[in-house]
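S.K.: I'd like to ask some things about the structure below.
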Amino acid sequence: MLIKILCVGDIVGAEAAGLVARKLWAVRSALDADVCIVNGENAAADGVGIDVKTAEDLLAGGADVITTGNHIWRKREIRAYLEREERLLRPANYPPGAPGSGYAVINVSSYRLLVMNILGSLYMEALGDPFAAAESILAREKGRYDIAVLDFHAEATSEKAAMAHLFDGRIQAVFGTHTHCQTNDARILPGGTGAVTDIGFTGPVESILGMKIPLILKRMTTKLPEKYEVAEGNIRLSGAVFTVDTETKRCAAAELVNMPIEK
Ligand SMILES: [Fe+2]
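Reading the sequence shown from the start, the letters are residues 1306 to 1568 in our numbering.
Structural data, given as structure tokens:
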């Protein structure tokens, strides 16, 4: 059987989050996706973190699992929510005792899908070794899943490519998030892992990584602090679809998604 996994890149701001929540079922059926993972790292109204209402809307709107990243703790209410909602993940390599979990196993048709979320260590706050974190989840969950997928929320392309190669043949899809720039390298590695270095962001097109352009320019040219604001205008959905063969445990296709979402 072939299972299609739709992965949606970092949703930025309330408008994009609302649109995704309203249109995701239609996008899923247009792409024939059996399951959907969305990165909600920037889905709150101010573009940093995620709040409970937004998480609930995304889950009700067609997201099976929400992954996150370095901004997960920005909204304090999310700590308690992480403890009770196993479909919202935070990076697995936070120190022991952090609220919530870095992975979940969900049912897709008659298969068990292990979804993992890990934070990179290069050019960002280094948590535990990301490679060891993936290894330890696979060991802990051995026999409890059929297919595995990883959202590796990381800055460096090299680290993301290394992760995909290290787990080639053991994790069926490894995709990167965080940089908000979609990389043109959807591929299937020799061992059968589908990989994309970064699946891009879902949010306003006329922006710098989802934020208002003038504020970013001001901050970068004056070096003075400036609060970023989420941009407005047309929204695009960026992501990838991985088609996994449940018999061979190989990815049969890895394809980028980059499409407008009509308001
Ligand atoms: Fe991030």
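Ideal placement from N, C-alpha and C gives every residue a C-beta, glycine not left out.
For a test of the three-state rule: what should DSSP assign to M1516, helix, strand or coil?
M.R.: Here residue 1516 is taken as the residue at index 211 of the sequence shown, counted from 1. It is a strand residue.
S.K.: What does a CB cutoff of less than 6 Å around A1322 pick up in its chain, not counting 5 residues either side in sequence?
M.R.: Position 17 of the sequence shown, counted from the start, is the residue given in the question as residue 1322. So the qualifying residues of the chain are I1316, A1348, T1359.
S.K.: Is the segment 1446 to 1456 touching the segment 1404 to 1412 in the sense that three or more CB pairs, one from each, lie closer than 8 Å?
M.R.: Touching, yes, given that three or more Cβ pairs across the two stretches are closer than 8 Å.
S.K.: Looking at the structure shown, is R1379 part of a helix, part of a strand, or coil, going by DSSP?
M.R.: By 1-based counting over the sequence shown, the position of residue 1379 is 74. R1379 falls in the coil class under three-state DSSP.
S.K.: In terms of residue numbering, what span does the alpha helix (DSSP H) encompassing E1320 cover?
M.R.: As a first step, residue 1320 must be located in the sequence shown, where it is residue number 15. Note, E1320: alpha helix (DSSP H), 1318 to 1336.
S.K.: Any heavy atom of ligand 1 within a distance shorter than 7 Å of the CB on E1346?
M.R.: What you label residue 1346 is simply residue 41 of the sequence shown in a count that begins at 1. It does: the Cβ of E1346 is within 7 Å (strictly closer) of some heavy atom of ligand 1.
S.K.: In chain order, which continuous runs of the alpha helix (DSSP H) of length 4 or greater are located wholly inside the segment 1390 to 1469?
M.R.: Runs of the alpha helix (DSSP H) inside the segment 1390 to 1469: 1435 to 1445.
S.K.: In chain order, what residues of the same chain lie with their CB nearer than 7 Å to the CB of A1469, ignoring the 5 residues before and after it?
M.R.: Walking along the sequence shown from the start, residue 1469 turns up at place 164. Only V1479, L1494, T1498, A1500 meet the Cβ criterion.
S.K.: Closer than 7 Å to a non-hydrogen atom of ligand 1 - does that hold for the CB of G1354?
M.R.: Here residue 1354 is taken as the residue at index 49 of the sequence shown, counted from 1. Flag unset: Cβ of G1354 not near ligand 1.
S.K.: Tell me, to the nearest whole angstrom, how far the beta carbon of E1531 is from that of L1542; I am working on the premise that it is less than 8 Å.
M.R.: By one-based count along the sequence shown, residue 1531 stands at place 226. By one-based count along the sequence shown, residue 1542 stands at place 237. That pair is no contact at about 28 Å.
S.K.: Just verifying my parser: in three-state terms, what is the DSSP assignment at I1521?
M.R.: Looking up residue 1521 in the sequence shown gives position 216. Here I1521 sits in helix by DSSP.
S.K.: By the DSSP assignment, the alpha helix (DSSP H) with L1364 in it spans what residues?
M.R.: On the sequence shown, residue 1364 is found 59 positions in, with the first residue counted as 1. L1364 -> alpha helix (DSSP H) spans 1357 to 1365.
S.K.: Following the continuous beta strand (DSSP E) through A1348, name the residue where it begins and the one where it ends.
M.R.: As a first step, residue 1348 is located in the sequence shown; it is residue number 43 there, counting from the start. Careful: A1348 lies outside any beta strand (DSSP E) and carries neither H nor E.
S.K.: Between H1458 and H1483, which are expected to be in contact by the criterion C-beta below 8 Å, what is the C-beta distance as a whole number of angstroms?
M.R.: By 1-based counting over the sequence shown, the position of residue 1458 is 153. By 1-based counting over the sequence shown, the position of residue 1483 is 178. H1458 to H1483, Cβ: 5 Å. Contact.
S.K.: How should D1503 be labelled, buried or exposed, when 16 other C-beta atoms within 10 angstroms of its C-beta is the threshold for buried?
M.R.: Counted from its first residue, the sequence shown places residue 1503 at position 198. Classification for D1503: buried.
S.K.: Considering only DSSP beta bridges, list what L1494 is partnered with.
M.R.: What you label residue 1494 is simply residue 189 of the sequence shown in a count that begins at 1. BP columns for L1494 are empty, so no partner.
S.K.: Where E1464 and L1427 are concerned, what is the direct C-alpha to C-alpha distance, given to the nearest angstrom?
M.R.: Translated into positions along the sequence shown, residue 1464 becomes position 159. Translated into positions along the sequence shown, residue 1427 becomes position 122. Answer to the nearest angstrom: the Cα atoms are 7 Å apart.
S.K.: Per DSSP, which residues does E1511 bridge with? Please list them.
M.R.: Position 206 of the sequence shown, counted from the first residue, corresponds to residue 1511. BP columns for E1511 are empty, so no partner.
S.K.: Taking S1414 and D1339 to be in contact with their CB atoms under 8 Å, please state how far apart those CB atoms are, rounded to whole angstroms.
M.R.: In the sequence shown, counting from the first residue as 1, residue 1414 sits at position 109. In the sequence shown, counting from the first residue as 1, residue 1339 sits at position 34. That belief holds up - the Cβ atoms of S1414 and D1339 are roughly 7 Å apart, short of 8 Å.
S.K.: By the three-class DSSP mapping on this structure, what secondary structure does L1529 have?
M.R.: Here residue 1529 refers to the residue found at position 224 when the sequence shown is read from its first residue. Coil, per DSSP.
S.K.: With A1557 and T1548 assumed to form a contact (beta carbons below 8 Å), what rounded beta-carbon distance in angstroms separates them?
M.R.: Within the sequence shown, numbered from 1, the residue matching residue 1557 stands at position 252. Within the sequence shown, numbered from 1, the residue matching residue 1548 stands at position 243. 5 Å between Cβ atoms; contact.
S.K.: Taking only three categories from DSSP, how would you classify A1385?
M.R.: Position 80 of the sequence shown, counted from the start, is the residue given in the question as residue 1385. In this structure, A1385 counts as helix in the three-state DSSP scheme.
S.K.: In the DSSP assignment, find the unbroken beta strand (DSSP E) run with G1544 in it and report its ends.
M.R.: Residue 1544 sits at position 239 when you count from the first residue of the sequence shown. Start and end: 1540 to 1550.
S.K.: If I measure Cβ to Cβ from R1492 and keep anything under 7 Å in the same chain, skipping five residues before and after, which residues do I get?
M.R.: Here residue 1492 is taken as the residue at index 187 of the sequence shown, counted from 1. If we look at R1492 and ignore the five residues flanking it on each side, its Cβ neighbours are A1500, A1559.
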